[in-house]
Amino acid sequence: MSLKNTAGNWGSVARFFHWATALLIIGNGAYGLWMTGLSPSMKMINAYALHKSIGLTVLGLLLLRMAWRFSSRAPRALPMPRWQHIAAHAVHGFLYLLALAMPLSGWWANSLKGFPLQYFKQINLPSLGGVVNHQWADVVITAHLVIFWSLIALVVIHALAALKHHFIDRDATLKRMLPFARAHSEVSSIEDFK
Ligand code: HEM
Ligand code: HEM
8 MSLKNTAGNW
18 GSVARFFHWA
28 TALLIIGNGA
38 YGLWMTGLSP
48 SMKMINAYAL
58 HKSIGLTVLG
68 LLLLRMAWRF
78 SSRAPRALPM
88 PRWQHIAAHA
98 VHGFLYLLAL
108 AMPLSGWWAN
118 SLKGFPLQYF
128 KQINLPSLGG
138 VVNHQWADVV
148 ITAHLVIFWS
158 LIALVVIHAL
168 AALKHHFIDR
178 DATLKRMLPF
188 ARAHSEVSSI
198 EDFK
């Protein structure tokens with residue numbers, strides 16, 4: 008499989024970024040929901056610190072992913088009705104937007120709380136600006152949660168669309184994004200992979 012995207016296929020770098028960010032976002036969201044149920048303790052402080060560091064890793068991966076995406080063309084869209092093509096583009100755009108808003112809103116809330124921020128206890132990161140304001144921090148934390156559930160709703164639609172392409176349309180949309188699917192330069196249907 009080539010590193011770069013080809014006309015018919017996502018390259019291995021794009022696939023790696025897609026699945027690494029997807030798994031980390033879903034995993035860190037579940038971890039965030041769990042940690043907010045902990046009672047104040049060292050365990051809670053460590054859990055929050057880990058949640059923030061994983062979230063910052065997601066931010067870094069997303070920025071790299073977007074830089075890679077804009078420096079190389081996406082594979083050609085497979086044949087589908089025009090409305091589906093437009094809908095897919097819109098959903099992908101919102102997925103990028105919400106995925107970026109996730110760590111940024113967390114970082115902003117942390118800054119408004121006046122908490123220090125360290126990346127895996129090694130690197131000190133600056134505040135995102137603004138003075139300490141607990142009321143605003145609570146608003147931004149609520150936004151952090153709302154953004155998370157909006158993202159999950161969109162991911163469900165996105166994943167159902169991918170499954171529909173695979174099982175009903177029987178085209179190669181899902182297969183060409185899966186991590187270990189065999190490379191093929193001119194894929195248009197699942198049959199091309201066999
Ligand atoms: C992939 C990125 C992230 C995801 C999916 C995510 C998701 C979540 C979720 C679902 C919660 C539970 C919210 C609640 O129950 O109120 C949460 C809480 C929290 N997150 Fe994140 N988060 C991410 C990144 C970050 C980052 C980068 C920071 C800070 C630098 C951060 C700071 C916080 C804080 C402080 C809370 C606790 C809020 C409270 O005490 O109610 N998050 N996060
Ligand atoms: C947090 C979870 C996820 C996020 C944020 C996400 C985000 C994205 C984005 C932004 C794209 C467009 C790629 C680009 O143009 O650069 C994409 C493509 C894709 N995603 Fe996801 N995704 C997630 C989970 C999933 C899941 C669970 C599935 C399948 C069950 C999936 C299947 C696909 C497929 C097949 C494509 C390629 C679409 C095409 O070739 O037009 N994604 N995803």
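Residue numbers for the sequence shown follow this note's numbering, beginning at 8 and rising by one. Quick reminder that beta carbons are idealized off the backbone N, C-alpha and C, glycines included.
Two segments are said to touch when three or more pairs of C-beta atoms, one from each, lie closer than 8 Å; by this definition the region 74-81 does not touch the region 127-147. Between the alpha carbons of Ser46 and Ile52 lies a distance of about 10 Å. With 16 or more neighbouring CB atoms inside 10 Å of its own CB, Asn35 falls in the buried class. In this structure, Ser112 lies away from His58, with their beta-carbon atoms at least 8 Å apart. For Gly136, there are no CB contacts under 6 Å within the same chain when 5 residues up- and downstream are skipped. Not one heavy atom of ligand 2 is found less than 7 Å from the C-beta of Val20. Secondary-structure assignment with DSSP links Leu124 through a beta bridge to Leu132. Per DSSP, reduced to three states, the secondary structure at Asp145 is helical. Using a C-beta cut-off of 8 Å, the region 21-29 makes contact with the region 67-75, since at least three inter-stretch Cβ pairs fall below that distance. Ligand 1 approaches Phe155 closely enough that one of its heavy atoms is under 7 Å from the residue's Cβ. Between Thr180 and Leu85, the CB-CB gap stays under 8 Å. Between Gly62 and Leu10, the alpha-carbon positions lie close to 26 Å from each other.
Of Tyr126, Val147, Ala94, the smallest CA-CA separation from Leu119 is found for Val147.
Contact check for Arg177 against Trp17 fails: the beta carbons are separated by 8 Å or more. A distance criterion of 7 Å places the beta-carbon of Leu40 in contact range of ligand 1, judged by its closest non-hydrogen atom. Shown here for Phe127: same chain residues with a beta carbon closer than 7 Å to its own, the five before and five after excluded, namely Ser60 in chain order. Between Ile164 and Pro110, the alpha-carbon positions lie close to 22 Å from each other. Nearest in C-alpha terms to Val153, of all of His173, Gly15, Leu31, Gly39, is Gly39.
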